[in-house]
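Protein sequences, first through last, are from chains A and B.
For what it's worth, this note's numbering labels the leading residue of the first sequence as 1, then goes sequentially.
For what it's worth, this note's numbering labels the leading residue of the second sequence as 1, then goes sequentially.
Don't be surprised by glycine CBs; every beta carbon is placed ideally from N, CA and C.
Remember, predicted model here, so these are calculated numbers, not experimental data.
Note sheet for the following structure.
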Amino acid sequence: MAEIPNIIPALPELFLASVGMALLMLGVFHKTGGVEDIKASRLISLLSIVALLLAVLLVSTLSGGRLPTFANMFVSDTFAVYCKVLVLVGSALAIIISQGFLERHDMARFEYSILILFATLGMMMMISANDLISLYIGLELQSLSLYVIAAFQRDDTRSTEAGLKYFVLGAVASGMLLYGSSLVYGFTGTTNFDQLAAVLRGHGGETSIGVIFGIVFIMAGLAFKVSAVPFHMWTPDVYEGAPTPVTAFFSVAPKIAALALFIRVMVGPFGGLVADWQQIVIFISMASMALGALAAINQTNIKRMMAYSSIGHVGYALIGLAVGTEAGIQSVLIYLAIYLLMNIGVFTCILSMRRDGHMVENIKDLAGMSRTHPMLALALAILMFSMAGIPPFAGFFGKFYVFVAAIEAHLYMLAIFGVLSSVVAAFYYLRIVQLVYFEDLDEALDKSVAPELGVVITGAGLFVAFFFIYPTPVLSAAAAAAAALFAG
Amino acid sequence: MTQLPILSLLTFLPLVGAVFILTIRGDEAIVKRNARHVALWTSVINFALSMFIWVHFDTTTADFQFVESKPWMPAFNIGYKMGIDGISMLFVLLTTLLTPICILASWENINDRVKEYMISFLVLETFMIGMFCALDLVVFYIFFEAVLIPMFLIIGVWGGPRRVYASFKFFLYTLAGSVLMLLAIMAMYFDAGTTDIPGLMVHRFPPERQTWLWLAFFASFAVKIPMWPVHTWLPDAHVEAPTAGSVILAAVLLKFGGYGLLRFSLPMFPDASVMFTPLIYTLSIIAVIYTSLVALAQEDMKKLIAYSSVAHMGFVTIGAFTLTVQGIEGAIYQMLAHGVISAALFLIVGVVYDRIHSREIAAYGGLVHRMPGYSLIFMVFMLGSVGLPGTAGFVGEFLVLVGAFKANTWVAAFAATGLILGAAYMLYLYRRVIFGSLTKDSLAAIKDLSLREFAIFAPLLVLVIWMGIYPAPFLDIMHVSVANMITQIDSALNASTAISVAGQ
């Protein structure tokens with residue numbers, strides 16, 4: 001008889017899965033029609049937030065050592081704990097800022113929060129994957145939920161288009177990933193990360209070309225998921241088309257999960273082949289930074305601009321991975337934590353841009369906002385300066401540690417390229433500040449900002465503004481997480 | 001040592017004032033009045049505090065004084081460390097003196113978004129003082145670059161018609177320079193294992209690495225000073241900035257570059273500094289002669305003074321790289337004198353701009369008939385800028401030339417032509433604006449200085465003459481630190497020569 005696996009390491013995932021299904025039942029059996037729909041969606045999103053926060057608690061109790069389970073296909077370590085906390089917080093914040101938007105646009109259906117819940121579950125699986133198979137399962141659970149959410153605004157062609165585009169291109173990427181995995185399996189005879197690492201390290205320099213091919217395909221698939229150049233094409237369209245809170249969600253949680261997965265795959269099973277994959281990561285990092293900086297300049301839609309901005313940010317995070325050392329991974333993890341709050345803050349500001357009750361998305365609509373919304377304008381300015389990496393805001397420290405790692409590894413060209421493209425990128429962040437502060441008012445935006453949005457903006461703004469006072473908690477958590485990855 | 005963290009207090013007191021202004025609510029007129037008063041009082045108290053530091057400053061030691069040190073990012077061995085020596089002391093005083101003057105100068109002509117304006121200025125003061133006091137490279141860098149944010153807003157929100165262009169140019173130019181310095185800072189961190197400035201000063205970087213580090217720092221400081229050919233942001237920024245913004249920009253922000261060269265480039269990379277001295281001399285001489293000629297052709301008063309700043313900063317860089325006591329003290333003195341004089345000149349332009357709303361030289365003429373007091377004050381500062389003996393400008397330029405003469409006669413000769421050209425463009429400006437007959441209708445009813453405006457100029461007037469007649473109190477502050485720095489540079493240079501000789 002088969003042994004019963006140890007379920008403790010996977011407890012948060014099991015918890016989220018059961019809560020997700022229970023909430024689905026609750027939603028289905030809830031009264032329907034008009035007000036009842038909204039009531040159901042409110043109740044379920046509230047419960048989802050509670051579930052996500054409980055999952056954070058559960059996850060943090062696991063922060064001990066390395067705990068493999070399910071035949072070593074699933075692993076929980078400090079690295080996983082760190083990334084899962086980020087993802088869970090990102091998802092919870094996304095649900096918080098969504099509810100008002102959904103209700104205003106007649107799309108307050110209870111499935112929304114549940115889809116986010118399942119997507120989050122997939123992300124946690126990805127982060128903890130210790131086998132190419134479990135990796136793929138987590139990735140697909142996440143992706144399929146995301147495709148649906150992107151098209152959640154059913155009666156809007158842009159949203160539907162975004163969902164379809166995301167699905168088609170995402171399927172291609174999944175295919176590449178799967179193809180790469182099969183190549184790796186074919187040439188090494190295993191899909192387990194630990195065994196792969198052992199096999200590939202034991203080769204003594206000579207790596208078979210088949211494995212290299214497999215790695216390249218896997219990297220292509222992963223680069224698509226993190227929207228790094230040259231696999232970024234879907235990002236602007238999907239970000240623009242998807243409902244704004246969904247875009248906010250897309251720009252943080254899945255991205256963090258995919259980057260965590262990218263790191264785990266590269267450092268874990270393929271850690272012995274750094275010399276082979278480093279140049280690829282350097283290339284996609286440089287290309288992402290350059291494209292993120294240049295292509296955003298001409299954008300008029302703020303969501304599209306943020307899409308390019310997020311491509312650029314992925315480029316910076318990938319610098320840390322390109323370094324491939326413990327310090328490098330630590331810097332990526334710090335970057336992701338800061339990026340999460342920075343980006344959620346910006347998108348919450350975008351969500352509160354409304355005129356006569358309608359969302360406005362044109363950058364020009366921000367003109368003169370400082371006259372009517374002084375505090376919102378201040379928060380947005382701080383977030384934009386932080387995005388540009390200007391000290392003393394948090395964004396500066398994110399970039400700082402990444403570049404420290406690059407310099408330590410003597411990747412001078414990459415670092416110089418990175419800082420110079422950050423100067424170019426500063427231009428379009430400054431343009432937002434310019435519109436908000438320098439320009440005169442055309443038409444005022446609506447005065448009222450929903451209280452929950454206000455709270456999120458204030459929180460993100462304060463974090464970004466005052467991160468510098470006491471950075472140690474984030475630094476040491478990231479250090480522990482990175483160390484765990486290299487201990488195994 | 002458990003004493004009061006007075007430098008942190010000095011640095012962050014303006015920030016407290018800014019937060020206080022942020023909380024002011026109520027009727028618009030009352031908000032404006034309160035914001036102005038809070039800003040003025042905060043900066044005046046800060047000035048008094050800096051006076052206290054001056055009184056307690058020990059001029060007999062080259063060590064850093066009032067040092068505070070706190071762990072900040074222990075994992076990276078980066079700490080929060082503050083302290084001042086003879087070089088930074090005077091710049092701190094300059095900053096704390098000019099901030100209240102700027103706030104007073106904006107008392108009436110800034111009427112839009114007063115609250116935000118005053119907050120920007122106080123935040124700016126915090127960053128400027130912090131930059132001069134920082135004794136950790138990372139802390140230094142944070143202050144150094146953070147300055148861009150309030151200055152960007154000051155130019156962009158309260159500036160002239162082309163303010164957007166000017167503010168972006170200012171921001172991106174200086175950012176592009178300083179990010180390279182950031183990478184150099186990281187490289188130094190891995191070489192020396194610390195970002196502690198006194199520690200780095202005694203650390204010997206390998207000469208070939210010095211070259212790259214020096215170039216990266218130079219990219220940042222050359223833009224800030226600014227040196228020819230990367231000076232083009234300065235005229236734009238000056239013309240578009242509001243009066244007080246120009247004052248701070250010319251008087252303090254430009255000094256960042258010179259201060260940086262003296263604090264980092266010279267003592268930390270002595271070999272590279274010697275190697276690049278011809279480059280510095282060339283660029284500085286071009287700056288002195290070329291921008292003086294450009295100034296001669298200007299039609300806009302602010303632009304003229306902006307170009308004259310570039311020329312004066314050329315003297316500073318020449319003086320600093322002579323590596324003589326006279327040259328370096330002259331460079332520091334020239335920066336202080338320029339801080340006072342150019343600040344006053346921008347304020348002088350501001351006075352007539354507030355009345356006529358034009359900065360065109362052609363719009364004026366014959367002001368002496370209606371504004372005798374104004375003309376007198378203008379004359380003193382104009383002559384100070386020319387470098388007339390008895391004004392602050394003379395002492396600095398004289399010392400620089402003495403140092404340059406010791407180092408390289410040709411450099412001194414070329415630099416001296418700058419003095420003549422300087423006299424030419426300033427006197428020409430003065431003649432066109434002040435003398436002649438008062439024919440223009442717009443000037444017929446122009447009023448002389450108000451009491452508030454006199455109060456703004458009075459301290460600067462006293463200072464420019466005091467610094468010209470009796471420079472000893474200022475030179476005493478810097479002398480020991482400068483002498484110590486030169487000794488250290490010399491010993492470092494001797495050591496590396498000895499190594500290269502031994503290697504042959």
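| Asked | Found |
| --- | --- |
| Mapping the DSSP letters down to three states, classify residue 352 (chain A) as helix, strand or coil. | coil |
| Does DSSP put residue 5 (chain B) in a helix, in a strand, or in coil? | coil |
| Per DSSP, what kind of secondary structure is residue 75 (chain A) in: helix, strand or coil? | strand |
| Between residue 223 (chain B) and residue 197 (chain B), what straight-line distance do the alpha-carbon atoms span, to the nearest angstrom? | 22 Å |
| Using a Cβ-Cβ cut-off of 9 Å, state whether residue 189 (chain B) counts as contacting chain A. | yes |
| Pull up the DSSP beta-bridge partners for residue 71 (chain B), would you. | B:79 |
| Can you tell me whether DSSP reads residue 68 (chain A) as helix, strand or coil? | strand |
| Using DSSP with H/G/I as helix, E/B as strand and the rest coil, what is residue 338 (chain B)? | helix |
| First and last residue of the alpha helix (DSSP H) that includes residue 251 (chain B)? | Where residue 251 (chain B) is concerned, there is no enclosing alpha helix (DSSP H), given that its DSSP letter is neither H nor E. |
| From A:134, A:97 and A:31, pick the residue whose C-alpha is nearest to that of residue 70 (chain A); which is it? | A:134 |
| Under the rule that 16 or more other beta-carbon atoms within 10 Å means buried, what is residue 470 (chain B), buried or exposed? | exposed |
| Nearest by alpha-carbon distance to residue 236 (chain B): which of B:172, B:303, B:216 and B:182 is it? | B:303 |
| Please determine if the segment 188-197 of chain A and the segment 239-247 of chain A are in contact, where contact requires at least 3 C-beta pairs separated by less than 8 Å. | no |
| Could you tell me which uninterrupted alpha helix (DSSP H) segments, each at least 4 residues in length, are contained entirely in the segment 125-195 of chain A, listed from first to last along the chain? | 132-150 and 157-188 |
| Of all the CB atoms in chain A, is at least one closer than 9 Å to the CB of residue 157 (chain B)? | yes |
| Check whether the segment 113-122 of chain A touches the segment 153-161 of chain A, counting contact only when three or more Cβ pairs, one atom from each stretch, lie closer than 8 Å. | no |
| Against chain B, does residue 392 (chain A) count as a neighbour if the rule is that its beta carbon must be under 9 Å from one of theirs? | yes |
| Starting from residue 299 (chain A), trace the alpha helix (DSSP H) both ways and give me its first and last residue. | From DSSP, residue 299 (chain A) is part of no alpha helix (DSSP H); its letter is neither H nor E. |
| Tell me which residues share the same chain as residue 210 (chain B) and place their Cβ nearer than 7 Å to its Cβ, disregarding the 5 neighbours each side in the sequence. | 269, 271 and 272 |
| Jot down the residue ranges of each uninterrupted alpha helix (DSSP H) in the segment 419-478 of chain B, minimum 4 residues, whole runs only, in chain order. | 451-469 |
| Measure from the alpha carbon of residue 280 (chain B) to the alpha carbon of each residue in B:292, B:265 and B:294, then state which is nearest. | B:265 |
| Taking only three categories from DSSP, how would you classify residue 242 (chain A)? | coil |
| Quick check: is the beta carbon of residue 117 (chain B) nearer than 9 Å to any beta carbon in chain A? | no |
| With a threshold of 6 Å on Cβ separation, who are the neighbours of residue 330 (chain B) within its own chain once the five nearest residues in sequence on each side are excluded? | 319, 396, 399, 400 and 403 |
| Quick one: which chain B residues come within Cβ less than 8 Å of residue 482 (chain A)? | Residues of chain B passing the Cβ test: none, with the nearest at roughly 12 Å. |
| I'd like the span of the alpha helix (DSSP H) that includes residue 32 (chain A), first residue to last. | Premise fails: residue 32 (chain A) is in no alpha helix (DSSP H) and is neither H nor E. |
| Looking only at C-alpha atoms, which of A:74, A:109, A:34 and A:67 sits nearest to residue 492 (chain A)? | This structure cannot speak to residue 492 (chain A), because chain A is shown only from 1 to 488. |
| Anything in chain B within Cβ reach of residue 372 (chain A), meaning under 8 Å, just list it in chain order. | Residues of chain B passing the Cβ test: none, with the nearest at roughly 13 Å. |
| Where do the N-terminal and C-terminal ends of the alpha helix (DSSP H) with residue 208 (chain B) fall, by residue? | 207-224 |
| Which whole-angstrom value describes the C-beta separation of residue 449 (chain B) and residue 374 (chain B), a residue pair presumed to lie in contact below a C-beta threshold of 8 Å? | 5 Å |
| Short of 7 Å in beta carbon distance, which residues of its chain neighbour residue 484 (chain B), apart from the five on each side in sequence? Order them along the chain. | 62 |
| Taking DSSP's pairing of strands, which residues face residue 136 (chain B) in a bridge? | B:196 |
| What does residue 164 (chain B) touch in chain A if you count any residue whose Cβ is under 8 Å from its own? | 434 and 438 |
| With a cut-off of 9 Å, does the C-beta of residue 407 (chain A) fall near any C-beta of chain B? | yes |
| Might you give, ordered along the chain, the residues of its own chain that have their beta carbon closer than 7 Å to the beta carbon of residue 475 (chain A), omitting 5 neighbours on each side? | 334 |
| Output needed for residue 427 (chain A): all residues of its chain with C-beta closer than 7 Å, excluding positions within five of it in sequence on either side, in chain order. | 297 |
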